[in-house]
Structure formats: structure tokens, C-alpha cells
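Residues in the sequence shown are numbered from 1 upward in steps of one, following my numbering. Note that the Cβ used here is the ideal one computed from N, Cα and C, for glycine as well. Let me begin by presenting the structure, written as C-alpha cells, before commenting on it.
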Amino acid sequence: MESNAFKDKFAPAVALVLITFLVCLALAGTYGVTKPIIDKNSKKAADDARSAVLPKGDSFDEVKKKLPTDVNAYHVAKNKSGVVVTTVNKSFGGLITVMTGIDKDGKVRGVVVTNHNDTPGLGTKAQEPSFINQFKGKSALKGPDVKKDPEIDAVVGATISSGAVYGAVKKALGAFKELGGVK
């Protein structure tokens, strides 16, 4: 009778523990196999984005020192043609991440939004070339925000998102000056 009590009470629990252990082991193995591939693909995507905003940059070295507030990364092109600064700023749907390519003379060569949570179709218009390309060739932004800059036209209906991109580019230009440009 006691052997049936063990089977009825503990055998299902032991089986569940064994199944859980095997599933965890399988997940850990899958993670171990896929993580290097995911990391390699993420690095390639980031390198491609850096090359897109600074076309003359061949490959990039990350600066490993204290960065200004809201600057996530500062990469210097190995050929010293410029830098790529990754900044964050508050936008309509949360934080927006912007990658800005700045040449060795301090002029913006490209801007790309790499992450956002803005409204599709409206807030995302601040990522379109008609807005983003206005920053090319600028070494400084002339207003405290996008509404007061005489050279940058905000996207109608997406003023907050436009302002977020504007602020992120302004932070990138500030970081370029603060960190000494290309060194």
C-alpha cells in the first residue's frame, strides 16, 4: 500500500522536476549556441548603421571613457574621418535612440533613428529623409529646440518626435566638441 502512496504522491512531482530540468538544459544549450550568432549579427547591423551615417568611415573603435549625459556610445572611425555618436532623447512614445555621423571637421554627415516607440505613420515621419537630411552639413544647431531653429523645419503633426531627433543631434554635436572630436 505504501508503494502506491509514493507513486500517487511523489512520482508526478519527480517527473515534473525532471522534465523541467531537461527543458531548462535545452534552453541553456540553445542560448549558448545562438548567442554568438546573435551578437555577431547585432554588431554587423550596428557597423552597417555607423557606415551609413559616416560613409567615409572604414571601421570604428568605441571610446571607452566617461561620456556626457544621454550619450550611449562614441565611436571613432579608424581612418580618422569622423565619429559616430549614439544619443538618446525623450520623445512622444518614450525614449528615442539616434546615431549621428560627424566628420573630422565637426559637420553632420548622416543621421539615423535606431530605436523609437513613436506613433507609426505620424511620429515616425521624423525619420524620413525630408527631415533627417536637413541636418547634413551642419556643425551647430541654431536654436534651443526645433521650433526656434530657423534652418530646420519640424515635421507637421510630429513636433515632439522632430524635437526629440533635433535634441539628440544637438547632444551628439555637443559630445563631439566636449570629447575633442576625432582623436
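| So which of L18, R50, V169, F10 has the shortest CA-CA distance to V108? | V169
| task | State the Cα-Cα distance for the pair N133 and G121, rounded to the nearest angstrom. | result | 19 Å
| query | Is it buried or exposed for L141, if we count other Cβ within 10 angstroms and need 16 for buried? | reply | buried
| field | Per-residue DSSP class, three states only, for L18 | value | helix
| query | V182 by DSSP, collapsed to three states: which one? | reply | coil
| field | Minimum length 3: unbroken beta strand (DSSP E) runs contained in the region 32-69 | value | 60-62
| query | Going by beta carbon distance, what residues of the same chain come within less than 6 Å of F131, once the five residues before and after it are set aside? | reply | V155
| query | What residue range is occupied by the uninterrupted alpha helix (DSSP H) comprising S130? | reply | 129-132
| Which residues in the same chain as Q127 place their Cβ atom closer than 6 Å to its Cβ, once the five residues preceding and following it in sequence are excluded? | V113
| query | If we ignore side chains and look at the alpha-carbon of each, how far apart do F60 and K171 end up? | reply | 20 Å
| Reduced DSSP category for I160 - H, G, I as helix; E, B as strand; rest coil | helix
| request: Sort out for me which residues DSSP pairs I102 with in a bridge. | output: V83, V108
| query | How many Å lie between G123 and S162 at the Cα? | reply | 8 Å
| said: Taking 6 Å as the limit between beta carbons, can you name the residues of its chain near D105, skipping five residues before and five after? | reply: none
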